[in-house]
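**Student:** Residue numbers (the working numbering), protein chains in the order written: chain Y, 1 to 334; chain G, 1 to 288.
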Amino acid sequence: MTSNKKAGFGFAIIAIAAAAIVPLVAGDYYVSFSTEIAIMILMLSSYRMVVLTGEWSFAHVVLQGVGAYTAAIMVKDWGAPFPVSLVAGAVVAAAVAAVLSFPLLKMRGFYFLMGTFGAAEAIRLLWRKFKYFGGTRGFSGISAPYLEVGPITIDFGHPASFFYLALAIVVVCLLVIWSMEQSRLGQIWRTIEQQDVLAQAVGIDTRRYRRIAFIISAAFAGIAGVLLAYAFGSVTPNRFNLNFALYLMIWAIVGGTRSFYGVILGGIILMGFDESLRFADELRPGIYGIILILVMLFWPRGIERLVGLDKLFAPKAALPDSGSLAASTKGDAR
Amino acid sequence: MQFLIETLINSAMASAASALVVVGLALIFGVMRIENFAHGELYMVGAYAAWYFGTSLGGGYAVGFVAAVMVTAMIGVFMEVFLFRRLKENPMGPLIVTIGVLLVLQTAAAWLFGVNSNLLVDSPFAGAASIAGINVPWHRLFVIGAAIVLLGGLTVLLRTTKFGWALRAVAQDKDAARLQGISIGAISLLAMALSAGLAGAAGALMAPIVRISPYMGQPIIITAFIVIILGGIGSLEGAILAAIIYSTFFTFISAYFDSTVASIAGLCLMLLVLVVKPSGLMGKAQKV
Chain Y
1 MTSNKKAGFG FAIIAIAAAA IVPLVAGDYY VSFSTEIAIM ILMLSSYRMV VLTGEWSFAH
61 VVLQGVGAYT AAIMVKDWGA PFPVSLVAGA VVAAAVAAVL SFPLLKMRGF YFLMGTFGAA
121 EAIRLLWRKF KYFGGTRGFS GISAPYLEVG PITIDFGHPA SFFYLALAIV VVCLLVIWSM
181 EQSRLGQIWR TIEQQDVLAQ AVGIDTRRYR RIAFIISAAF AGIAGVLLAY AFGSVTPNRF
241 NLNFALYLMI WAIVGGTRSF YGVILGGIIL MGFDESLRFA DELRPGIYGI ILILVMLFWP
301 RGIERLVGLD KLFAPKAALP DSGSLAASTK GDAR
Chain G
1 MQFLIETLIN SAMASAASAL VVVGLALIFG VMRIENFAHG ELYMVGAYAA WYFGTSLGGG
61 YAVGFVAAVM VTAMIGVFME VFLFRRLKEN PMGPLIVTIG VLLVLQTAAA WLFGVNSNLL
121 VDSPFAGAAS IAGINVPWHR LFVIGAAIVL LGGLTVLLRT TKFGWALRAV AQDKDAARLQ
181 GISIGAISLL AMALSAGLAG AAGALMAPIV RISPYMGQPI IITAFIVIIL GGIGSLEGAI
241 LAAIIYSTFF TFISAYFDST VASIAGLCLM LLVLVVKPSG LMGKAQKV
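1) Starting from Y:D155, trace the beta strand (DSSP E) in both directions and tell me its first and last residue.
2) Using a Cβ-Cβ cutoff of 8 Å, what residues of the region 86-101 of chain G are near chain Y? List them in chain order.
3) Applying the 10 Å Cβ sphere with the 16-neighbour rule, what's the burial state of G:L274?
4) Hey, does G:E80 have any beta-carbon neighbour from chain Y nearer than 9 Å?
5) If you measure between the beta carbons of G:V31 and G:V227, is that distance less than 9 Å?
6) State buried or exposed for Y:M271, treating a residue as buried only when at least 16 other CB atoms are found within 10 Å of its CB.
7) Can you tell me which of G:T223, G:A19, G:A243, G:P208 puts its alpha carbon nearest to the alpha carbon of G:Y61?
8) From the DSSP output, which residues share a beta bridge with Y:Y146?
9) Is it the case that the region 97-112 of chain Y contacts the region 161-174 of chain Y, given that we only count it when at least three CB pairs across the two stretches are under 8 Å?
10) Please list the partners that G:S263 has in chain Y, where partner means a Cβ-to-Cβ separation under 9 Å.
11) Determine, for Y:Y47, whether the minimum Cβ-Cβ distance to residues of chain G falls below 9 Å.
12) Going by DSSP, which residues form a beta bridge with G:V104?
13) Give the DSSP-derived three-state secondary structure of G:N116 in the structure shown.
14) Please list the segments of the beta strand (DSSP E) lying wholly inside the region 35-104 of chain Y, counting only runs of 3 or more residues, in order along the chain.
15) Could you give the first and the last residue of the continuous beta strand (DSSP E) run that contains G:S56?
16) How would you write the range of the beta strand (DSSP E) that G:N135 sits in, first residue to last?
17) Can you give me, in chain order, the residues of the region 84-110 of chain Y that have a beta carbon less than 9 Å from any beta carbon in chain G?
18) For the alpha helix (DSSP H) containing G:A239, list its first residue and its last residue.
19) If I measure Cβ to Cβ from Y:A68 and keep anything under 6 Å in the same chain, skipping five residues before and after, which residues do I get?
20) Please classify Y:I268: is it buried, with 16 or more other beta-carbons within 10 angstroms of its beta-carbon, or exposed?
21) Contact between the region 245-264 of chain G and the region 2-13 of chain G is defined here as three or more beta-carbon pairs at a separation below 8 Å; is this criterion met?
22) So with CB distances below 7 Å, who are the chain G contacts of Y:G115?
23) Which word fits G:Q180, buried or exposed, when buried means at least 16 other C-beta atoms lie within 10 angstroms of its C-beta?
24) On the DSSP bridge assignment, give the partners of G:A129 in chain order.
25) Where does the unbroken alpha helix (DSSP H) through Y:Y261 begin, and where does it stop?
26) Which of the three DSSP states, helix, strand or coil, is assigned to G:V210?
27) Please confirm whether Y:M271 has its beta-carbon closer than 9 Å to some beta-carbon of chain G.
Laid out in structure tokens, this is it:
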């Protein structure tokens with residue numbers, strides 16, 4: 001283990017400890033808000049897996065929605081317990097992604113972006129259209145999980161206990177994502193992003209590995225969706241519309257997608273920033289627009305560059321210095 | 001029968017408006033290889049400008065129309081000079097920046113004019129014509145006529161003038177065009193102004209018919225992207241043809257079922273084209 005990795009683990013443990021203290025010092029409102037941050041971090045980190053292969057997707061938020069709808073239906077129709085709906089949400093989201101991957105992964109660049117948008121929006125409109133999915137109002141009244149083992153009973157309806165549950169799940173997911181990225185799989189993803197043709201030439205089936213990234217990231221998006229459904233107790237189709245897909249993309253870009261820590265740090269900072277914009281709800285999209293433009297023009301590697309964390313944590317081979325955002329992305333027909 | 005004719009006229013109008021929007025989008029993709037997500041917002045700005053200069057300041061519809069074209073063309077020039085030029089090396093950069101522009105324009109409109117504004121633009125062509133026993137508002141026919149005139153003018157511009165030749169040369173082969181002494185920067189600038197101006201013109205034409213809102217560009221841009229994918233990205237003729245086909249298809253499904261079904265069908269159609277024939281109706285074969 002290199003010293004960089006040690007430092008990384010140190011920071012991670014401090015961060016988790018700091019998160020764990022939140023319910024002890026903050027009120028219920030901020031505890032629920034922290035739960036939202038944890039869910040957003042899981043979304044951004046899983047989104048980054050697709051970005052690692054050099055593609056930008058508009059489907060990730062709807063895949064989160066697939067997880068959330070699965071959980072809502074499991075709870076409302078069958079009264080499924082939390083662990084069952086959690087697994088079901090991940091599996092169904094991954095399955096939907098697997099089916100979509102067959103047409104979508106034939107495309108790259110702008111075509112992939114539009115393909116993911118088309119598929120995702122069609123799914124979202126089906127939710128709005130059919131009564132089975134609750135129509136435009138979706139589902140509400142999803143009851144919080146309740147644990148009863150012998151003498152111990154925990155009601156996760158309380159914000160603090162649900163926060164700990166969500167935090168634990170998110171931390172486990174992040175560990176899995178991190179170790180995948182460090183493994184051969186992660187190296188292949190980076191290779192595909194930077195040297196697509198070379199990767200094919202040395203015998204890597206690039207489409208297969210892009211498919212793996214797309215499906216695995218969908219599974220984590222599904223988990224984030226299940227957590228979201230329980231956290232809010234409701235699911236509506238509008239929560240997964242194009243605006244949220246745009247925001248996810250913007251946050252990933254502003255945070256910086258080169259390193260594992262960029263999106264996490266970006267997620268925390270931007271969620272805090274987002275909360276402070278609550279007084280100016282109408283101006284919010286415009287402010288994000290300006291931030292996005294400025295970041296793209298002057299600061300293409302995002303927040304991670306500012307703090308210098310990229311040098312500390314990221315694997316050295318993965319950081320070409322000229323690498324501005326998506327600079328090595330192979331666009332369409334360019 | 002009456003319903004059928006009415007739907008046909010509506011789809012002709014929808015085709016005209018979307019052809020104007022889509023041609024600009026295809027033009028910019030052809031010349032600069034940029035997918036402009038803010039194009040629908042330029043349409044929205046065109047509608048607001050037509051209201052502000054035409055109705056609010058009392059200039060009349062013609063003044064509003066000219067102002068809409070000029071304001072949007074200026075925004076287009078701004079985007080080219082301050083954003084696209086600086087992001088040449090980054091293939092996804094311009095696309096992502098246009099998303100930023102989309103959000104900024106949308107918010108600016110909401111901030112300046114309010115979200116639930118009830119702005120009315122008076123058409124210079126009041127009343128309705130009677131065709132086969134059906135009342136068709138004159139303005140709808142005016143939109144169709146104006147679109148034909150504008151698209152015809154664009155064709156003449158691109159086919160007969162020196163500027164048109166240069167623009168098409170840049171679209172075909174940038175390096176060869178540069179070697180011929182064509183200034184890529186100047187052509188990009190003019191193409192961007194032209195493209196944005198066409199979107200603004202479409203917005204001003206539709207302003208008396210549709211409800212003006214800061215978010216009116218969103219369905220337009222979605223339609224426009226579906227259409228240029230159907231038509232073959234970068235192909236102007238393909239874009240116009242696809243605009244007519246798609247708008248007719250969409251209007252008929254909306255009329256006989258509902259607009260959600262029509263949207264789903266449209267999105268599935270786009271996916272089908274992307275999978276089966278990614279070059280679209282008239283685009284050149286390219287790897288996606």
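A virtual CB, placed ideally from N, CA and C, is assigned to each residue, including glycine.
**Tutor:** Let me spell this out:
1) 152-155
2) R86, L87, E89, N90, P91, M92, G93, L95, I96, V97, I99, G100, V101
3) G:L274 is buried by the Cβ-count criterion.
4) no
5) no
6) It is buried - the Cβ of Y:M271 has at least 16 other Cβ atoms within 10 Å.
7) G:P208
8) Y:D155
9) The region 161-174 of chain Y is not in contact with the region 97-112 of chain Y.
10) Near G:S263 (Cβ distances below 9 Å), the residues of chain Y are E121, A122, L125.
11) no
12) Answer by DSSP bridge pairing: none, since G:V104 is not bridged.
13) coil
14) none
15) Element bounds for G:S56: n/a, residue is neither H nor E.
16) 134-137
17) Those would be F102, P103, L104, K106, M107, R108, G109, F110, in chain order.
18) 236-256
19) G225, L228, A229, V235
20) buried
21) Here the region 245-264 of chain G makes contact with the region 2-13 of chain G; the two share three or more CB pairs at distances below 8 Å.
22) L271, L274
23) exposed
24) G:V136
25) 260-276
26) coil
27) no
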